[in-house]
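Here the UniProt record's numbering is used: the sequence shown runs in plain steps of one and ends on residue 596. Where a beta carbon is used, it is the ideal one built from N, C-alpha and C, also for glycine. It should be emphasised that the depicted structure is a prediction, and the values quoted were computed from it without experimental measurement.
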Amino acid sequence: MLLVRQSGSGGSIRLTEKRFVVLCCGNIRAEADEAVAGFEGVSVISYPPHCGHVRSFWDTVSRYYEEAVSDGSRVFFCGCGCQNTLDIPDEVRESPDFISGGDGASLFLPEFLVRSYERKGCMAVLPGFLLKWRENASCDGLDSRTAAELYGEALSEVLLIDTGLHPGISGDLKDFSEFTKLPGRIIPAGTEYLRLRIEPEYLKWKFENERAGLKGRVRECEKKAADYSMVADLTDKIIGSYDEEMIIHEVLDLFVMLFSPETVYYIRSDGGVPGQVVSITGGEVFLDGDEMEFFSSDTDTAVFSSLDGFSVRVSYGGHIKGVISVKGVLFPKYLEKYLNLAHFICRIAGLSITVAETYSDLLQTVSDRNYELSERRKAEMALKHSNKKLGILSGITRHDILNNLMIIQGYLELVDALDIDKSSLLEKYLLNVSNAASAIQRQIEFTREYEELGAEEPAWFDPGMIIKKIGQGRIPVVSECSGYEVFADPMIERAFYNLYDNTLRHGEGASEVRVFCLPEEESEGLIIVFEDDGGGVLEGMKERIFERGIGSNTGLGLFLIREILAITGITIKETGVYGEGVRFEMYVQKGGWRTA
């Protein structure tokens, strides 16, 4: 299997495979090479110099021209300026891919200047001609006397158009001048004029070529867009499904429809290694070593060495879900296009499988939660029924106990009203019985209140409003806790009443109760402060006063307050200074309070 990395196709526009060809005589090959240096996509082809030795110029040049235009290239033709007739066929001259660039001195000097030299009888020659003048003279059977007679009748001098590419050419000019008996002169020209002759045609060709390339790219992009649009329509079932098995089969069906393979199958990823194989084309599937290795590679696609199939990774977010292998496609020549489509589909499949897995996990989570809620509701109903039964039982028990206490207290009152002699010891015993009966009554009343704890759902309460309701006793209450609400058990009113009652009973010398709220920036909690200016609490009793049975008057009030507040996580502690009054701080955690 040959691994092929998929890469983006961005970057600059590339030219097509067509060329811009300069077809020139071998005598000016060096000048042509120099003139097109740096032009992208330009080739120079030279034909053998002919210089009067051939009957038909085109017979010599045609095969070079055919070579140049065989791939649809543009041809810029130029000759060396010899006396041969350029018998170029009309169909060639009229071809849009043939450009007649001229010949001889007019390639390197402006036309008007060349004509002025000709009118003066000057023979303008190029360095390539001079380098071979002896060979040409011998071929034509010319000697010095004959050449002097031939040239001397019509010409006045020899002008060398020096292109600057042939050092020592002046010596050849001197020898030729002596041979023809004509004076010689050098005209420095260089190759810049030839470059300026070629460049406009080259730029025109380049523009047309790039435009054609862009049109091809546009057509290719439109084709890809059409392919992707078709695939997007076909992948609707994949995207809309939450069933992983259905997604896999839909993708495999889509691959069969698009690529017509002999075999297509999906290999699940089991912790990054090949797992279960799903095939819809029949037959047993055997994974080869390359497919096993493909799982651990970092490439998205792999082409088989047979060039008739490929493997594509199905992944999402860097996590591989599986691999789809396709073998024996109907049209292997379209393999690159197949890879692009397959990669696009597999990206959608990877996302869809991930969504399906998430959906499956979510369904399981919801199912587990529903089961847990169902069991919890059953337990709550059972607990509620048990509490109801216990409430009824305790209510009956309290009622019976209170009835018997009333009987006891009634008999004690009757005994007290009898006109009999009561010894001090009997009177003491009767007092103890009466006190015990009163204590039992208070405890029974407490059990009724304690049973009400948590019986109703917590709600939001304004501490300032509660204080205003209960602060109607002999000690005035100053409330500075408006604008806040706390989440608490409905019995919070009883808690604040008990705090106020505590001041009334034990706040010796207290003249005022003050309640205020302090939001905390660091913990984002809220502190509700309840304080008076009475006697306060001894240092060693600050924690114990919240225990049941501690303190005077049975100690049930502060114990009940702490239990009421604790239902919603509110804590209470006493932080006052003994002799200056009590200070109860109730701390409400973040989320348990809000501004009204």
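Residue range V477 to E480 is occupied by the beta strand (DSSP E) that includes V477. When the alpha-carbon of L405 is set against those of E34, I444, A379 and L363, the nearest one is in I444. Across the set L499, F516 and R505, the C-alpha of L499 shows the shortest separation from the C-alpha of L558. Where P188 is concerned, the enclosing beta strand (DSSP E) starts and stops at G184 to P188. Considered as a whole, the segment 106-159 harbours 122-125 as its complete beta strand (DSSP E) runs of no fewer than 3 residues, in chain order.
Per DSSP, reduced to three states, the secondary structure at M586 is strand. Secondary structure of D59 (DSSP, three-state): helix.
Scanning its chain for C-beta atoms nearer than 6 Å, with the 5 sequence neighbours on each side dropped, one finds around G72 the residues K18, in chain order. For Y500, the enclosing alpha helix (DSSP H) begins and ends at I492 to H506. Closest option to G271, judged by alpha-carbon separation, among F286, G322, E244 and E34: G322. Residue state for I99 is assigned as strand, using DSSP reduced to three classes. Per the coordinates, the alpha-carbon of R63 lies some 45 Å from the alpha-carbon of F259. At the C-beta level, A137 and A147 come within 8 Å of one another. Following the DSSP letters along the chain, one finds I320 inside the beta strand (DSSP E) bounded by residues H319 to K327. DSSP places R474 in the coil class of the three-state scheme, outside both helix and strand.
A buried status is given to T191, since no fewer than 16 other beta-carbon atoms sit within 10 Å of its beta-carbon. Within the same chain, Cβ atoms closer than 6 Å to the Cβ of R594 are found at E485, the five residues on either side in sequence being excluded. Of the other Cβ atoms in all chains shown, fewer than 16 fall within 10 Å of the Cβ of W460; this residue is therefore exposed. For L173, the enclosing alpha helix (DSSP H) starts and ends at I169 to T180. Taking a contact as a CB-CB distance under 8 Å, the pair G576 and V537 counts as one, their CB atoms being some 6 Å apart. Taken atom to atom, the span from the alpha-carbon of G283 to that of E375 is near 49 Å. Contact between A32 and V22 holds: their C-beta atoms lie close to 5 Å from each other, under 8 Å. Taken through DSSP and simplified to helix, strand or coil, Y265 comes out as strand. Sorting A417, L418 and L412 by C-alpha distance to the C-alpha of N432 places L412 at the top. When the five nearest sequence neighbours on each side are left out, the beta carbons in the same chain lying within less than 8 Å of the beta carbon of P261 are those of F255, T281, G309, V326, K327, G328, V329 and L330, in order along the chain. Rounded to whole angstroms, E539 and E508 show a C-alpha spacing of 17 Å. Residue environment: F286 is assigned as exposed (fewer than 16 neighbouring CB atoms within 10 Å of its CB, all protein chains considered). Here the segment 155-174 makes contact with the segment 115-133; the two share three or more CB pairs at distances below 8 Å.
In the three-state scheme derived from DSSP, where H, G and I count as helix and E and B as strand, F39 is classed as coil. For T299, the three-state secondary structure derived from DSSP is coil.
Under the DSSP definition of a beta bridge, C25 partners with Y47. For I572, no alpha helix (DSSP H) run applies; the uninterrupted beta strand (DSSP E) run containing it begins and ends at T571 to E574, by DSSP. Around the C-beta of G534, 16 or more other C-beta atoms lie within 10 Å, and the residue is accordingly described as buried. For G26 against S46, the beta-carbon gap comes to about 4 Å, under 8 Å, which counts as contact. The beta carbons of G525 and V478 sit no closer together than 8 Å. Proximity of the segment 490-506 to the segment 560-568 meets the contact definition, three or more beta-carbon pairs being nearer than 8 Å.
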